[in-house]
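Visitor: Take this structure first; my questions come after.
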Ligand code: NOJ
């Protein structure tokens, strides 16, 4: 066996299993903190906020892409996988951030985008300059077109951002892009692609990065001989027979990655973004592959006790079977913030709501936040790890009224201006109650913030006993004391407040979590109240509120 590689920076407390029950805070780097005053968040800005991240009590920080990028898709179009975007800093800045994070005992996860590069990546530029059939083109998916003179795309596949998934180049060939045309798909059957990404994993692991988030992990293996695919909306089959997503061949790629990740001590962690049906999603999380896969079930679920209970049962059972740990997520950089989702009438089409600048239907902000706080407290009591998206700890709502000419999401143009996209959750977060960008930086930010953002700033909420920031800090501190093992025991109606709208479970040593999804109060469970997501009534757990209790004594 070879000696494990020694990274440049290491956390203060080495622990190979840290990721199993970690709370991971997602930073969207361009919208977190702007140290150099260009309106764009940067690495130095993140470093300056490491003490804040540590004060929250999270275990790890996941950085969305900070690599050189033309920003056709918020940085998920990477032009160089082993560098820092000069607008965001340098590799030295990154190392300084990593060191600061480790000094505060925070792990660091970086985002790897293997399905596609940017069209500004040197490989793609070389592919365009080379002839059809060349090795340069073989790193991507180039095909001749259909129709008498190749004037039609090779297949009817559609891009996730709207429009055809094929774009034609001047010599007549077409290339595949499951996302924007500026994001050409790589061909993962090409060994050069595989070895290059393994080198990228080593590059960041050598610096001391603790783990990786793997973008579109379910998309790398493709069956290009299948010309027809109904749409992007159909449910993926359970037998891996979709031509583009979740094919069996993909697992061999991640087994190779695991071998690389295991070259390190402790082994590097990884989490797959794999939009596959639950029974197949866990395959990515096998110990021989990435270890974890995002479980987006709750993020997609309505605010409903029965639905939550079913999802939790299914995922905890799947985690037990696969030897992985569950992951729980309510918000990220791709979806409308959960405080807002929960404040809109059930079944609201959020794309349509955004098109009305958030006016129709009306958003009940207080209700949304009350429910979001309750759901978060439930999440943090579950076994496994939880991913928290920047700003949710402030109770931020979506910013729905960004002027059309300031939208950045490629969905806006690709859908002919019918879908605004994801900018509303990517607005820079507020640090201070006032100032040109509410403390994000010294100048106006790259995406405009709502006027009322200051009231939800870190400074405004810090120390306020009723603030969402205080709730997150208290919950994370309590969880750090309480969380261990994977056990979860459902509490039935005899011992929990009897109501179909209540979800109640015990962890170990009598730590009990009870969430009332209904609007009316239910009896408060017996025991010593550790924490509640909102004010409690006399002997009552009010509607849309969660409480943690422990045995008396
Ligand atoms: C998933 C990322 O989360 C999203 O932001 C991005 O647009 C797509 N993958 C394409 O990389």
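In full-length UniProt numbering, the protein residues as written are 1 to 553. Cβ coordinates follow ideal geometry from the N, Cα and C atoms, glycine included.
Taking 8 Å as the threshold, find out whether the region 286-299 comes into contact with the region 270-278 through three or more Cβ pairs.
Guide: In short, these stretches touch, since the Cβ pair count reaches three.
Visitor: Ignoring anything shorter than 4 residues, give me the alpha helix (DSSP H) runs that lie fully in the region 443-523, in order along the chain.
Guide: Taking only runs of at least 4 residues, the alpha helix (DSSP H) segments lying wholly in the region 443-523 are 458-461, 468-482.
Visitor: In whole angstroms, what separates the C-alpha of residue 139 from that of residue 202?
Guide: One C-alpha to the other measures close to 21 Å.
Visitor: If distances are taken between C-alpha atoms only, which option among 8, 538, 500 comes closest to residue 307?
Guide: The option with the nearest alpha carbon to residue 307 is 500.
Visitor: Look at the Cβ atom of residue 272, then the Cβ atom of residue 217, and state whether they are nearer than 8 Å.
Guide: In contact: residue 272 and residue 217 (Cβ atoms closer than 8 Å).
Visitor: Can you tell which of 268, 207, 190 has its C-alpha closest to the C-alpha of residue 214?
Guide: Answer by Cα proximity: 268.
Visitor: Below 8 Å on the Cβ atoms is my contact criterion, and I expect residue 421 with residue 438 to pass it. Report the Cβ-Cβ distance as a whole number of Å.
Guide: No, residue 421 and residue 438 are not in contact; Cβ-Cβ is about 23 Å, not under 8 Å.
Visitor: DSSP three-state call for residue 226: helix, strand or coil?
Guide: Looking at residue 226 - three-state DSSP - the assignment turns out to be coil, as it is neither helix nor strand.
Visitor: Which residue wins for smallest C-alpha separation from residue 243, given the options 259, 256, 225, 233?
Guide: If we check each option's Cα against that of residue 243, 225 comes out closest.
Visitor: From residue 74 to residue 29, what does the alpha carbon distance come to, in whole angstroms?
Guide: Each residue's Cα considered, the two are about 10 Å apart.
Visitor: Could you tell me whether the Cβ atoms of residue 527 and residue 549 are closer together than 8 Å?
Guide: It is a contact, given that the beta carbons lie within the stated cut-off.
Visitor: Which residues in the same chain have their Cβ closer than 7 Å to the Cβ of residue 99, if we skip the five residues on either side of it in sequence?
Guide: Cβ neighbours of residue 99 beyond the five flanking positions: 9.
Visitor: Relative to the C-alpha of residue 416, which residue among 404, 240, 334 is closest?
Guide: Checking every option, the nearest Cα to that of residue 416 belongs to 404.
Visitor: Report the three-state DSSP secondary structure of residue 368 (helix, strand or coil).
Guide: Three-state result, residue 368: helix.
Visitor: From the DSSP output, in three-state form, read off residue 307 for me.
Guide: Residue 307: helix per DSSP, three-state reduction.
Visitor: Does residue 444 have its Cβ less than 8 Å from a Cβ in chain D?
Guide: No chain D is part of this structure, which consists of one protein chain only.
Visitor: Which two residues bound the contiguous beta strand (DSSP E) that contains residue 329?
Guide: Counting along the chain, the beta strand (DSSP E) containing residue 329 begins and ends at 327-329.
Visitor: Tell me the residue span of the alpha helix (DSSP H) that contains residue 260.
Guide: That run of the alpha helix (DSSP H) goes 250-261.
Visitor: Would you check if the distance between the CB atom of residue 339 and the CB atom of residue 395 is smaller than 8 Å?
Guide: Their beta carbons are under 8 Å apart, which means residue 339 touches residue 395 by this criterion.
Visitor: For the pair the region 40-50 and the region 93-111, tell me if three or more CB-CB distances fall below 8 Å.
Guide: The answer is yes - the region 93-111 touches the region 40-50, with three or more Cβ pairs under 8 Å.
Visitor: Does the region 55-65 come within contact of the region 18-27, defined as at least 3 CB pairs closer than 8 Å?
Guide: Yes, the region 55-65 is in contact with the region 18-27.
Visitor: Could you check the C-alpha separation between residue 530 and residue 283 for me, to the nearest Å?
Guide: Distance between the alpha carbons of residue 530 and residue 283 is about 37 Å.
Visitor: Can you tell me whether DSSP reads residue 429 as helix, strand or coil?
Guide: Coil at residue 429, not helix or strand.
Visitor: Can you say whether residue 251 is buried or exposed, counting buried as having 16 or more other CB atoms within 10 angstroms of its CB?
Guide: Residue 251 is buried by the Cβ-count criterion.
Visitor: For residue 443, which residues of its own chain have a beta-carbon under 8 Å away from its beta-carbon, when the five flanking residues on both sides are left out?
Guide: Cβ within range, chain order: 34, 37, 38, 39, 436, 437.
Visitor: What alpha helix (DSSP H) runs, 4 residues minimum, are completely inside the region 340-405?
Guide: The qualifying runs are 350-355, 365-380.
Visitor: Would DSSP call residue 1 helix, strand or coil?
Guide: The pLDDT assigned to residue 1 is 47, lower than 50, so where the model puts this residue is not dependable; a value taken from the coordinates is nonetheless given after this. Reduced to three states, the DSSP call for residue 1 is coil.
Visitor: Alpha carbon to alpha carbon, how far is residue 407 from residue 162? Give it in angstroms, no decimals.
Guide: Going by the C-alpha atoms only, they are around 16 Å apart.
Visitor: Thinking C-beta only, is residue 223 closer than 8 Å to residue 236?
Guide: It is not a contact, given that the beta carbons lie outside the stated cut-off.
Visitor: If we ignore side chains and look at the alpha-carbon of each, how far apart do residue 479 and residue 384 end up?
Guide: Cα-Cα distance, rounded: 12 Å.
Visitor: With 16 other CB atoms within 10 Å as the buried threshold, where does residue 41 fall?
Guide: Answer is buried; the Cβ neighbour count reaches 16.
Visitor: Assuming residue 45 is part of the beta strand (DSSP E), what are its boundary residues?
Guide: Per DSSP, residue 45 belongs to no beta strand (DSSP E); it is in the alpha helix (DSSP H), 43-48.
Visitor: Closer than 8 Å is the cut-off here; do at least three beta carbon pairs connect the region 145-162 with the region 179-194?
Guide: Touching, yes, given that three or more Cβ pairs across the two stretches are closer than 8 Å.
Visitor: Can the beta-carbon of residue 118 be found closer than 8 Å to that of residue 156?
Guide: For residue 118 and residue 156, no; Cβs fall outside 8 Å.
Visitor: Looking only at C-alpha atoms, which of 521, 551, 538 sits nearest to residue 545?
Guide: Of the listed residues, the one whose Cα sits closest to residue 545 is 521.
Visitor: According to DSSP, what are the bridge partners of residue 292?
Guide: Residue 292 pairs with 271.
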